[in-house]
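For reference, the structure is listed below as structure tokens.
Numbering (this note's numbering), first residue to last: 6 to 130.
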């Protein structure tokens, strides 16, 4: 299995499968939305809370709040999100890690090496 910067490449018996970073990010967003206590994703990866959910380009792709880093040996994900007020942040973050790992691994066949969760804010709703 070898990857380039933008695609995960899987060698199969009948040919090659290329999975875009955008597809991986969309899988991540779908899995994060299923986690209790998450109120949303941040669009400015590592930016300020004032940049929340405003980047229309990434919103259209369905990949806001996710940074995918593919190398030949590993898949690392950085997830930027908001947590609902009153929810235990470490528990929510751990549930995000578990849910995302399961979703990505089941849909791509690739093990996720690292999932970094960045909580950029708490919302009241």
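Think of the CB as a built atom: it goes at the ideal place given N, C-alpha and C, for glycine as much as any other residue.
This one's a predicted model, so the numbers in the text were calculated from it and none came from an experiment.
Checking 8 Å against the spacing of the C-beta atoms, do residue i and residue j come in under that value?
| i | j | result |
| --- | --- | --- |
| residue 34 | residue 82 | no |
| residue 86 | residue 47 | yes |
| residue 28 | residue 101 | no |
Can you give me the Cβ contacts of residue i inside the same chain, cut-off strictly under 7 Å, excluding the 5 residues immediately before and after it?
| i | result |
| --- | --- |
| residue 65 | Residue placement at residue 65 is flagged as unreliable, the pLDDT there being 36, under the threshold of 50; the coordinate-derived value follows with that caveat. Hits under 7 Å: none found. |
| residue 63 | Low confidence applies here, because residue 63 scores a pLDDT of 39, under 50, leaving its location unreliable and the question unanswered by this model. |
Cutting at 6 Å between CB atoms, please list the residues of its own chain near residue i, excluding the five before and the five after it.
| i | result |
| --- | --- |
| residue 11 | 26 |
| residue 108 | 32, 36 |
Thinking C-alpha only, which one of the options is nearest residue i?
| i | options | result |
| --- | --- | --- |
| residue 104 | 14, 43, 93 | 43 |
| residue 95 | 73, 127, 24 | 127 |
| residue 106 | 73, 125, 89, 124 | 73 |
| residue 90 | 117, 45, 69 | 45 |
| residue 16 | 38, 114, 125, 110 | 114 |
For residue i and residue j, which I take to be in contact (beta-carbon distance under 8 Å), what is that distance rounded to the nearest angstrom?
| i | j | result |
| --- | --- | --- |
| residue 71 | residue 30 | 4 Å |
Within a Cβ cutoff of 8 Å, which residues of the same chain sit near residue i, ignoring the five residues on either side of it in sequence?
| i | result |
| --- | --- |
| residue 117 | 80, 81, 82, 105, 106, 109, 110 |
| residue 21 | 14, 15 |
| residue 112 | 32 |
Measuring from the CB of residue i, is there a heavy atom of the ligand GDP at a distance below 7 Å?
| i | result |
| --- | --- |
| residue 112 | For the structure depicted, the ligand GDP is absent and the ligand set is empty, with no information on it obtainable. |
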